[in-house]
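In this note's numbering, the protein residues as written are 9 to 164. We put the CB at the ideal spot given by N, CA and C, even for glycine. Because the structure is a prediction, the values reported are computed rather than measured.
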DNA sequence: GCCAACGTTGGC
DNA sequence: GCCAACGTTGGC
């Protein structure tokens, strides 16, 4: 069982959108980065859990927990010429991009902001992928120690 | 295969 | 809106 962090711009898809989705569940489509694709295909498994992290917004941070409910399968938006994520190099026989399905487990009692996480960047969260300089990956791995430490902040 | 130009991400 | 970081593209 692995842990992850999923970024999403709230103007595109917020945790409220996820909460309002049928079955509180969605397809995590639109990933167009090879490293992230490989995470999904090679390491992500059903019942893995992930933090939901709004990015590019007033207060980036962790606001909820999702679980993986379906493992990697081809992202149909790569085949749709009318979709902004269309990729002409992809074929149905040889898809290039994958997605997983996630379901909302719960929202946190309070947001744990990026600013707060950064306070532990030199200690408990040293080396956390999210906090590494220049990190732009939309999905990053979270270690078990990072996961439980971050959750311990929730009720503080 | 190199590398400059370009586009995107994402915090501030 | 700015800018640093960094992945991708394409000419050579």
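In the three-state scheme derived from DSSP, where H, G and I count as helix and E and B as strand, residue 126 is classed as helix.
Scanning 139, 72 and 81 for the CA closest to the CA of residue 49 turns up 81.
Under the three-state reduction of DSSP output, residue 54 falls in the coil class, being neither helix nor strand.
By alpha-carbon distance to residue 118, the top candidate from 156, 72, 149 and 133 is 72. The Cβ atoms of residue 21 and residue 150 lie no closer than 8 Å to each other. Look at residue 108 here: in three-state DSSP terms it is strand. The secondary-structure analysis by DSSP pairs residue 35 across a beta bridge with 109. The beta carbons of residue 78 and residue 37 sit no closer together than 8 Å. Closest in alpha carbon position to residue 148, among 24, 39, 161 and 112, is 39.
Under DSSP, residue 115 forms a beta bridge with 72. Spatial neighbours of residue 55 in its own chain (CB-CB distance under 7 Å, excluding positions within 5 residues in sequence) are listed in chain order as 9, 75 and 76. Secondary structure at residue 149: strand, using DSSP grouped into helix, strand and coil.
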